[in-house]
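S.K.: Protein chains in written order, with this note's numbering: chain A, 1 to 480; chain B, 1001 to 1480.
2 protein chains.
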Amino acid sequence: MAKQEKRDFVQHITPRSENFSQWYTDVVTQTDLMDYTPVRGCMALKPYGNRIWELIRDEMDTRFRETGHENVSMPMLIPESLLLKEAEHVEGFAPEVAWVTQGGNEVLQERLAIRPTSETMFCTMFAKWVQSWRDLPLLYNQWCSVMRWEKTTRPFLRTAEFWWQEGHTVHATAEEAQAETLQMLEIYREVCEDALAVPVFAGQKSDKEKFAGARATYSVEAMMQDGKALQAATSHNFGTNFSEPFEIQYLDKDGALKFCHETSWGASTRLIGAIIMAHGDERGLRLPPRVAPLHAVILPIAAHKGNVMEVCENAFAQLKKAGVRVKLDDRDNVSPGWKFNEWELKGVPLRLEIGPRDVANSVATYMRRDTLEKGTLPLGTLAEGVQGLLQEIQDSLLAQARAFMQEKTADVFTMEELAQQVDGGYARAMWCGQRACEDKIKDETGATSRNMPFDQTPFAEHCVCCGEKAQYVMYFAKSY
Amino acid sequence: MAKQEKRDFVQHITPRSENFSQWYTDVVTQTDLMDYTPVRGCMALKPYGNRIWELIRDEMDTRFRETGHENVSMPMLIPESLLLKEAEHVEGFAPEVAWVTQGGNEVLQERLAIRPTSETMFCTMFAKWVQSWRDLPLLYNQWCSVMRWEKTTRPFLRTAEFWWQEGHTVHATAEEAQAETLQMLEIYREVCEDALAVPVFAGQKSDKEKFAGARATYSVEAMMQDGKALQAATSHNFGTNFSEPFEIQYLDKDGALKFCHETSWGASTRLIGAIIMAHGDERGLRLPPRVAPLHAVILPIAAHKGNVMEVCENAFAQLKKAGVRVKLDDRDNVSPGWKFNEWELKGVPLRLEIGPRDVANSVATYMRRDTLEKGTLPLGTLAEGVQGLLQEIQDSLLAQARAFMQEKTADVFTMEELAQQVDGGYARAMWCGQRACEDKIKDETGATSRNMPFDQTPFAEHCVCCGEKAQYVMYFAKSY
Chain A
1 MAKQEKRDFV
11 QHITPRSENF
21 SQWYTDVVTQ
31 TDLMDYTPVR
41 GCMALKPYGN
51 RIWELIRDEM
61 DTRFRETGHE
71 NVSMPMLIPE
81 SLLLKEAEHV
91 EGFAPEVAWV
101 TQGGNEVLQE
111 RLAIRPTSET
121 MFCTMFAKWV
131 QSWRDLPLLY
141 NQWCSVMRWE
151 KTTRPFLRTA
161 EFWWQEGHTV
171 HATAEEAQAE
181 TLQMLEIYRE
191 VCEDALAVPV
201 FAGQKSDKEK
211 FAGARATYSV
221 EAMMQDGKAL
231 QAATSHNFGT
241 NFSEPFEIQY
251 LDKDGALKFC
261 HETSWGASTR
271 LIGAIIMAHG
281 DERGLRLPPR
291 VAPLHAVILP
301 IAAHKGNVME
311 VCENAFAQLK
321 KAGVRVKLDD
331 RDNVSPGWKF
341 NEWELKGVPL
351 RLEIGPRDVA
361 NSVATYMRRD
371 TLEKGTLPLG
381 TLAEGVQGLL
391 QEIQDSLLAQ
401 ARAFMQEKTA
411 DVFTMEELAQ
421 QVDGGYARAM
431 WCGQRACEDK
441 IKDETGATSR
451 NMPFDQTPFA
461 EHCVCCGEKA
471 QYVMYFAKSY
Chain B
1001 MAKQEKRDFV
1011 QHITPRSENF
1021 SQWYTDVVTQ
1031 TDLMDYTPVR
1041 GCMALKPYGN
1051 RIWELIRDEM
1061 DTRFRETGHE
1071 NVSMPMLIPE
1081 SLLLKEAEHV
1091 EGFAPEVAWV
1101 TQGGNEVLQE
1111 RLAIRPTSET
1121 MFCTMFAKWV
1131 QSWRDLPLLY
1141 NQWCSVMRWE
1151 KTTRPFLRTA
1161 EFWWQEGHTV
1171 HATAEEAQAE
1181 TLQMLEIYRE
1191 VCEDALAVPV
1201 FAGQKSDKEK
1211 FAGARATYSV
1221 EAMMQDGKAL
1231 QAATSHNFGT
1241 NFSEPFEIQY
1251 LDKDGALKFC
1261 HETSWGASTR
1271 LIGAIIMAHG
1281 DERGLRLPPR
1291 VAPLHAVILP
1301 IAAHKGNVME
1311 VCENAFAQLK
1321 KAGVRVKLDD
1331 RDNVSPGWKF
1341 NEWELKGVPL
1351 RLEIGPRDVA
1361 NSVATYMRRD
1371 TLEKGTLPLG
1381 TLAEGVQGLL
1391 QEIQDSLLAQ
1401 ARAFMQEKTA
1411 DVFTMEELAQ
1421 QVDGGYARAM
1431 WCGQRACEDK
1441 IKDETGATSR
1451 NMPFDQTPFA
1461 EHCVCCGEKA
1471 QYVMYFAKSY
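Structure below.
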């Protein structure tokens, strides 16, 4: 029986403290977020996981619109000749492209790539759409899935197909492109911290780690509970790197034909992995209310007694009307204890129990998923009470994650300190800026450069690795 | 210069009365709905067209949720072996599949189809997800794009890649599957009529015209202004046609293992084509307010005089606050007359002009795009006035289209009458139910069977084609 199997599953989550990686896999598969499919490395987003993605999408999409961006939909296929136009870009992506070579019974004359990202398609269309300075800026975004033929995959963190948004913008000047790049980075920071309750370090990537074809790449980097980094989103300034080969030019006010400056920026279903690994605990998920498919679940206790069910239904109606995403779990084939386990596993922020004693006292008994604290809320003002608690839970998850991130981040001055620090945390180090040192740090400690914070106030004179004069403050960490 | 080019474009729409097909192409390309791309048969949805699709999506998605459906996201690739499992299905779709044969540098052992539709993938996953009667029903939907390698394509109406939703549901009984099939058909009817202002005939497809693999297909059929039919959406009852080869079984309460009953239903970006061809006129688009990216555009007249701009900005703020999708067109490089043309072409339901005289009278002068009627609205209650007019426009577009559809639909009793009637309209005819007559009607008149209305009250005894005993009332029409 399906139900019996699920009950066993709940008991079989590997302890997080014992094996973080296995804990992650157990949580992901046992909470109905996704499932594996017959296509290598491609997952199916089940309703619970898909809804989280829709809520993240809405948080981002609202901010994109407010800053003047418009959504478009581009073809999923890209002719090989377009992919070849920008040399660094094709070098970066060609090895992991899925190729369409046949349409119906016909063998295609030119291979078509399933988009691994859409710079080349956007640029091709921008060359048609931009003529005059009056056409600028173009501030476009699309929601879609992309495909990268990865060798090793993990649910949400690295999958062959993943869902994302990719913004692509065209500007008249370098200054505007840079302002756009930083604006979108700030929006990502805000969505991560305010909606996902995941604190991040925002900064610039090293040349080694930047996007294939970008002049400069910026990222927001989150910390998972094993102290490893997860790149949550990136924002790229292309300068004229793409507009030159794609001939995206505009006639300026002064009558001169000029190359446009471009940006792109993206965030993906990877963010769901970030939520799981930043907040989850031994009991399973802990979802931040802003992106939780369910805010609260109402559990009738001794449902057959008195007017328990009626009071539960009224509470449900009151909460639903107030915009709370609520479910009344009135199943009679599983015990309350089993329901407790299931909804804790699925990370619903608030559990509301209503039994005969609660009815007598005109209250609902709640349990907060973030702290596991229990208390009561008066039924008469249940909606206000629930909304207040949801805000507290949202804030407390962010505060917990922020405290953890601060605790696990430290300045380091030697390679020994760096190696020790990145064993479960971020190391902030002074760095000479040379690729050789980045490579050596990776080889010796397993850590990669994450990003250079905007506050570049030096705290030491010498590169942590080679001892030469330091140029940059850089975060190093092991990463997903 | 881009602007000059666009100005010429506006003057170059082919008269609708002269050449409907060319008028359609002109309108589609000159209103920034879409553009052609370097990939054969694949279009790019530009912001204006993409926004219409998002608004249609929201209308449908809300109704899907209200009826208990949940969104999921499935892989875009389908292994060939899955596609082969249902014989009729593969026969219907294999000739138009785009095949992935290489991943990175590796030649794949099994070809992967870019989904032309996702029945086979959903069924594969359903077989994992369904065990007990307690798991049923599963009411899933996904928003995505699909690919069909069509030989001839037309924007929105038939493209290789198109955007759509596909619902897939699993039920315990035949009765529930049939109820679901009809429920979704009714939702499509409601969206077409209430949101798109496009009236439809709802009914059942003939065996010849049903979906590859379905037991029964139902459709809603719209009428374009050339009198041709456009299939706006379909809803299929599969019975156990897919659950048997895919082994989707559930353990029933009585302890017996039973095959599930399934449905699927879909509607696509084709609906944008329906809106264009059902409502457009010699000046361009006429968008129904419910799915119009812009409800109203405010045009300052003699903007430099008095406080015209200030009044315009106040009007803009008032409307925006009330939830009206409004734009203040304050460009100073084109004339008001040119703006009139552009916004009429783009089908914005309401134009609001505010000049010195309007300011003096505390009114805005409006023009309704549906009737081209002009009038004034007091500025003090502009939001209420605009919302009232938008509702009138929504209603009047539906009424106009419905009157046209009724006028162009007639009962026919002979092949001559049928041939005459389908030259710019729908023929309702009695039909024997034989494929041979359907084929003959197609050969002789170019019309196909559209659907059989739910009201099957016979109005003649003999088949319009063979003269044998009639079995069904059937709509025939030429179609897109």
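For each residue, glycine too, the CB sits at the ideal point set by N, CA and C.
1. According to DSSP, is Q387 (chain A) part of a helix, a strand, or is it coil?
2. So which of B:V1363, B:P1293, B:S1268 has the shortest CA-CA distance to V1311 (chain B)?
3. Give the secondary structure of C1465 (chain B) by DSSP, where H, G and I count as helix, E and B as strand, and everything else as coil.
4. Can you check DSSP and say which residues form a bridge with E344 (chain A)?
5. State the beta-bridge partners of L1230 (chain B) as determined by DSSP.
6. For a minimum of 4 consecutive residues, which ranges assigned as the alpha helix (DSSP H) are wholly contained in the segment 1022 to 1082 of chain B?
7. To the nearest angstrom, how far is the alpha carbon of E186 (chain A) from that of V1220 (chain B)?
8. Cutting at 8 Å between CB atoms, please list the residues of its own chain near M415 (chain A), excluding the five before and the five after it.
9. Along chain B, in chain order, which residues have C-beta atoms closer than 7 Å to that of Q30 (chain A)?
10. Do R1402 (chain B) and P990 (chain B) have their beta-carbon atoms positioned less than 8 Å apart in this structure?
11. Got a sec: is the Cβ-Cβ distance from A1470 (chain B) to anything in chain A below 8 Å?
12. From the DSSP output, in three-state form, read off R1016 (chain B) for me.
13. Specify, as a first and last residue, the run of the alpha helix (DSSP H) that I1441 (chain B) falls within.
14. For A179 (chain A), which option in A:N71, A:N314, A:W265, A:I276 has the closest C-alpha, if you only look at C-alpha atoms?
15. When the cut-off is 8 Å and only beta carbons count, does S1145 (chain B) lie next to chain A?
16. Please look up how many angstroms separate the CB atoms of G1273 (chain B) and L1230 (chain B), rounded, as I've assumed it's under 8 Å.
17. Is there a Cβ of chain B sitting closer than 8 Å to that of I393 (chain A), yes or no?
18. So which residues on chain B does G103 (chain A) lean against when the C-beta distance must stay under 7 Å?
19. Does D439 (chain A) have its Cβ less than 8 Å from a Cβ in chain B?
20. From this set, B:L1319, B:E1161, B:A1296, B:V1359, which residue's C-alpha is nearest E1342 (chain B)'s C-alpha?
21. Applying the criterion that 16 or more other CB atoms from any shown protein chain within 10 Å of the CB defines a buried residue, is E1005 (chain B) buried or exposed?
22. Mind listing the chain A neighbours of T1124 (chain B)? Cutoff is C-beta to C-beta under 8 Å, in chain order.
23. Alpha carbon to alpha carbon, how far is L1294 (chain B) from A436 (chain A)? Give it in angstroms, no decimals.
24. Are the Cβ atoms of Y1250 (chain B) and Q1131 (chain B) separated by less than 8 Å?
25. If you count every other CB in all the chains shown that lies within 10 Å of the CB of Q142 (chain A), and 16 or more means buried, which is it?
26. How would you call M1 (chain A), buried or exposed, if buried means at least 16 neighbouring beta carbons within 10 angstroms?
27. Does P1245 (chain B) get closer than 8 Å to chain A when you measure Cβ to Cβ?
28. Listed from N- to C-terminal order along the chain, which residues in the segment 59 to 76 of chain A have their beta-carbon within a distance smaller than 8 Å of any beta-carbon of chain B?
29. Just list the residues that DSSP pairs E1166 (chain B) with in beta bridges.
30. Anything in chain B within Cβ reach of K128 (chain A), meaning under 8 Å, just list it in chain order.
31. According to the neighbour-count rule (16 or more other Cβ atoms, all chains shown, within 10 Å of its Cβ), is T1381 (chain B) buried or exposed?
32. From which residue to which residue does the alpha helix (DSSP H) around F122 (chain A) run?
33. Can you give the beta carbon distance from T1014 (chain B) to W1023 (chain B), rounded, assuming they're within the 8 Å contact cut?
34. Quick check on N314 (chain A) - is its C-beta less than 8 Å from some C-beta in chain B?
35. Quick one, which residues of the segment 1249 to 1272 of chain B are near chain A if we go by CB-CB under 8 Å, in chain order?
36. List the residues of chain B whose Cβ lies closer than 7 Å to the Cβ of K46 (chain A), in chain order.
M.R.: So, from the data block:
1. Here residue 387 (chain A) refers to the residue found at position 387 when the first sequence is read from its first residue. Correct three-state label for Q387 (chain A): helix.
2. Here residue 1311 (chain B) refers to the residue found at position 311 of the second sequence. The shortest Cα separation from V1311 (chain B) among B:V1363, B:P1293, B:S1268 belongs to B:V1363.
3. The count along the second sequence starts at 1 and reaches residue 1465 (chain B) at position 465. Note: C1465 (chain B) maps to coil in three-state DSSP.
4. For the purposes of this step, residue 344 (chain A) is taken as residue 344 along the first sequence, with counting starting at 1. Paired residues: none, contrary to the question.
5. Locating residue 1230 (chain B) in the second sequence gives position 230, where the first residue counts as 1. B:A1222.
6. 1047 to 1066
7. Numbered from its first residue, the first sequence carries residue 186 (chain A) at position 186. Numbered from its first residue, the second sequence carries residue 1220 (chain B) at position 220. C-alpha separation (whole angstroms): 46 Å.
8. Mapped onto the first sequence, residue 415 (chain A) falls at position 415. So the qualifying residues of the chain are I441, E444, T445, V464, C465.
9. Your numbering for residue 30 (chain A) matches position 30 in the first sequence. Residues of chain B passing the Cβ test: none, with the nearest at roughly 14 Å.
10. Lying before the first or after the last residue shown, residue 990 (chain B) is absent from chain B, which here runs from 1001 to 1480.
11. Taking the second sequence and counting its residues from 1, the one referred to as residue 1470 (chain B) is at position 470. So, not an interface residue.
12. Counting from one through the second sequence, the residue named residue 1016 (chain B) turns up at place 16. Here R1016 (chain B) sits in coil by DSSP.
13. As a working note, residue 1441 (chain B) is residue 441 in the second sequence. It spans 1435 to 1445 - the alpha helix (DSSP H) in which I1441 (chain B) sits, taken as one unbroken run.
14. Locating residue 179 (chain A) in the first sequence gives position 179, counting from the first residue. A179 (chain A) has its Cα closest to that of A:W265, out of A:N71, A:N314, A:W265, A:I276.
15. Your numbering for residue 1145 (chain B) matches position 145 in the second sequence. It does; some Cβ of chain A falls within 8 Å.
16. The residue you call residue 1273 (chain B) lines up with position 273 of the second sequence. The residue you call residue 1230 (chain B) lines up with position 230 of the second sequence. Indeed, because the Cβ distance is near 7 Å, the residues count as touching under 8 Å.
17. As a first step, residue 393 (chain A) must be located in the first sequence, where it is residue number 393. Chain B contact via Cβ: absent.
18. What you label residue 103 (chain A) is simply residue 103 of the first sequence in a count that begins at 1. The answer, in chain order, is A1098, W1149.
19. In the first sequence, residue 439 (chain A) corresponds to position 439, counting from 1. So no, D439 (chain A) is outside the interface.
20. For the purposes of this step, residue 1342 (chain B) is taken as residue 342 along the second sequence, with counting starting at 1. Of B:L1319, B:E1161, B:A1296, B:V1359, the residue nearest in Cα terms is B:A1296.
21. Position 5 of the second sequence, counting from 1, holds the residue named residue 1005 (chain B). Note that E1005 (chain B) scores a pLDDT of 41, beneath 50, so its modelled location is shaky; the value from the coordinates is reported in the next line. Exposed, by the Cβ-count rule.
22. Your numbering for residue 1124 (chain B) matches position 124 in the second sequence. In chain order: T37, P38.
23. Sequence index remark: in the first sequence, residue 436 (chain A) carries index 436 (1-based). Sequence index remark: in the second sequence, residue 1294 (chain B) carries index 294 (1-based). C-alpha separation (whole angstroms): 55 Å.
24. Looking up residue 1250 (chain B) in the second sequence gives position 250. Looking up residue 1131 (chain B) in the second sequence gives position 131. The answer is yes: Cβ separation under 8 Å.
25. Position 142 of the first sequence, counted from the first residue, corresponds to residue 142 (chain A). Q142 (chain A) comes out buried.
26. The residue you call residue 1 (chain A) lines up with position 1 of the first sequence. In this predicted model, M1 (chain A) has a pLDDT of only 35, less than 50, meaning its place in the structure is not dependable; the value taken from the coordinates is given anyway. With fewer than 16 Cβ atoms within 10 Å of its Cβ, M1 (chain A) is classed as exposed.
27. Locating residue 1245 (chain B) in the second sequence gives position 245, where the first residue counts as 1. Judged by the 8 Å Cβ criterion, P1245 (chain B) is not in contact with chain A.
28. E70, N71, V72, S73, M74, P75, M76
29. On the second sequence, residue 1166 (chain B) is found 166 positions in, with the first residue counted as 1. BP columns for E1166 (chain B) point to B:Q1142, B:G1266.
30. Your numbering for residue 128 (chain A) matches position 128 in the first sequence. What K128 (chain A) touches in chain B: D1035.
31. Reading the second sequence from its first residue, position 381 is the one you call residue 1381 (chain B). The residue in question, T1381 (chain B), is exposed, as its Cβ has fewer than 16 Cβ neighbours within 10 Å.
32. Start at 1 with the first residue of the first sequence, and residue 122 (chain A) comes out as number 122. Here the alpha helix (DSSP H) through F122 (chain A) covers 119 to 129.
33. As a working mapping, residue 1014 (chain B) is identified with position 14 in the second sequence. As a working mapping, residue 1023 (chain B) is identified with position 23 in the second sequence. Yes, T1014 (chain B) and W1023 (chain B) are in contact; Cβ-Cβ is about 5 Å, under 8 Å.
34. On the first sequence, position 314 is the one that residue 314 (chain A) refers to. By this cut-off, N314 (chain A) is not an interface position.
35. L1251
36. One-based indexing of the first sequence puts residue 46 (chain A) at position 46. Result: V1072.
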